[in-house]
Amino acid sequence: MKGQLLIDTAQALMADHKGILAMDESNPTCNKRFAKLGIPQTEEARRAYRELIITTPGLGESISGVILYDETIRQQKDDGTPFLKVLSDAGIIPGIKVDTGAKELAGHPGEKITEGLDGLRDRLADYFQMGARFAKWRAVIAIGDGPPSRSGLEANAHALARYAALCQEAGLVPVVEPEVLMDGDHTLERCLKVTEEALRNVFIQLNCQRVMLEGIILKPNMVLPGLNCPQQESVEEVADATVQGLLRTVPAAVPGIAFLSGGQSPELASARLNAMNVRFKSRVPWALAFSFARAIQQPALEIWQGKEANVAAAQKTLLDRARCNQAARRGEYTAAMETS
Ligand code: 13P
């Protein structure tokens, strides 16, 4: 059994107040972000950008693991060093996105279902062989006038659980990501209700599929008002609602909760994570950590702009964001860190 390996990997991902850096954008998503900044949408540009990220000096002091994409896990530095070697030299655990994207859920207008279970066992075995030790699968849950439906939540939770069980069989820690989107004008209360419902379904299905909870990482959204909701709660109110929802739904056996950033500004994502740790760190059974993509990468990407001359400045900004979030895990993040 790979039980001990799974427990050790999950613990290592949450150790020393570090967190996970998601850099697993699919090619279309990565290209979209590049296009906005006028960066060429080529395999070489994507490779150069990912090289910038993983060669950031000192990254392993605040980042425990990175989530890669299938193209990226096979790439090398300019000088031919495989990315996987760069990561292992930096003490960073490689992870891999294994879902194949969210598609329209038949019979459920406005709802999605994540695909990727077919052939997953073989793909997981290959990734383990290559050196990956954890994986990611993202379910997308939109809030609308009707959605999400009970059946939509169940279908996504079931797929997440099937994925998680296959990961554990292969020796990979599943990062289980049911993302309730922040798009819309819904209130924080509605997001809380939907998030609780989503998480309840996820843990019912994880238990049905015999997933060992000590060997997973949960990657949920923070509980937030919709982007277009006129009432925007304070950092502390968001922290309280998020932890309240998690306490009601997430078993204590889960070692770590690593939030996605979901389109929040980098500063708000850090401040909200910090507030959760300031107010609840000593009272919750799991680590409250981060697994951000945009909230760590975006400022660095904007500085890089595809230009070699900007690499060092972009790396410095990337590292600053990783350190802010490590401080937020300790409950020691302050706004002053943004200007220093
Ligand atoms: P964001 O932090 O940009 O939401 O991305 C996290 C992630 O991995 C989404 O699947």
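Residues are numbered in my numbering as their position in the sequence shown, beginning at 1, plus a constant of 41.
We treat Cβ as the ideally placed atom computed from N, Cα and C, and that holds for glycine.
Keep in mind the model is a prediction, meaning the values are calculated, not measured.
Straight-line Cα distance separating residue j from residue i
| i | j | result |
| --- | --- | --- |
| V221 | T236 | 6 Å |
| F333 | A147 | 30 Å |
| Q209 | G256 | 8 Å |
| H227 | R313 | 19 Å |
| T375 | V284 | 20 Å |
| M253 | C270 | 38 Å |
| A341 | A299 | 21 Å |
| R320 | K144 | 38 Å |
| E152 | R371 | 37 Å |
| V395 | E230 | One cannot answer for residue 395 here, as it falls past the ends of the chain, which runs 42 to 381. |
| N351 | C249 | 50 Å |
| R88 | S275 | 39 Å |
| I258 | I133 | 16 Å |
| A353 | L359 | 10 Å |
| T380 | S306 | 15 Å |
| F169 | L125 | 12 Å |
| I184 | C232 | 8 Å |
| L414 | K177 | Nothing can be reported for residue 414, as the shown portion of the chain is limited to 42 through 381. |
| D57 | Q367 | 9 Å |
Close-in-space but distant-in-sequence residues of the same chain around residue i (CB under 8 Å, 5 per side omitted)
| i | result |
| --- | --- |
| Q273 | P266 |
| G142 | S67, T155, E156 and G157 |
| A131 | I95, L100 and G101 |
| H149 | P188, S190, S192 and G193 |
| R251 | A206 |
Reduced DSSP category for residue i - H, G, I as helix; E, B as strand; rest coil
| i | result |
| --- | --- |
| V284 | helix |
| W178 | strand |
| G172 | coil |
| T228 | coil |
| K24 | No information on residue 24 is available, as it lies outside the stretch 42 to 381 that the chain covers here. |
| K144 | strand |
| A196 | helix |
| K59 | coil |
| L259 | strand |
| G297 | strand |
| T154 | Residue identity differs from the one stated: residue 154 is Ile in this sequence, not Thr. Correct three-state label for I154: strand. |
| K73 | helix |
| D186 | coil |
| C249 | helix |
| E278 | helix |
| M64 | coil |
Cβ-Cβ distance between residue i and residue j below 8 Å
| i | j | result |
| --- | --- | --- |
| L247 | A316 | no |
| I61 | G106 | yes |
| V139 | F175 | no |
| A363 | I104 | yes |
| M171 | Q338 | no |
| A282 | P326 | no |
| I245 | A180 | no |
| A355 | L93 | yes |
| V279 | V264 | yes |
| G136 | A173 | yes |
| M223 | G286 | no |
Cut-off 6 Å between Cβ atoms - residues of its own chain near residue i, not counting five sequence neighbours on either side
| i | result |
| --- | --- |
| Q346 | L78 |
| A328 | M55 and G297 |
| S302 | A310, F333, R335 and A336 |
Close beta carbons around residue i, own chain, < 7 Å, minus the five adjacent residues each side
| i | result |
| --- | --- |
| D120 | none |
| L239 | The displayed chain sequence assigns Ala, not Leu, to residue 239. Within the same chain, A239 has close Cβ partners I182, L194, P219 and V221. |
| L46 | G212 |
| L161 | V139, Y204 and L207 |
| T122 | none |
| Y110 | D65, E66, S67 and K138 |
| Q82 | N72, F75 and A76 |
Residue-level contact to chain B via CB, residue i, 8 Å cutoff
| i | result |
| --- | --- |
| A334 | In summary, chain B is missing from the structure at hand, where a single protein chain is found. |
Cβ-heavy atom distance, residue i to ligand 2, below 7 Å
| i | result |
| --- | --- |
| G303 | For the structure depicted, ligand 2 is absent and the ligand set comprises only ligand 1. |
* Any alpha helix (DSSP H) of 4 or more consecutive residues that is wholly inside the stretch 89-136 -> 111-114 and 124-130
Query - Whole runs of the beta strand (DSSP E) within the stretch 198-225, excluding any shorter than 3 residues - result: 214-221
Handout entry: Ranges of the beta strand (DSSP E) found wholly within the stretch 308-366, counting only runs of at least 3
Key = 328-333
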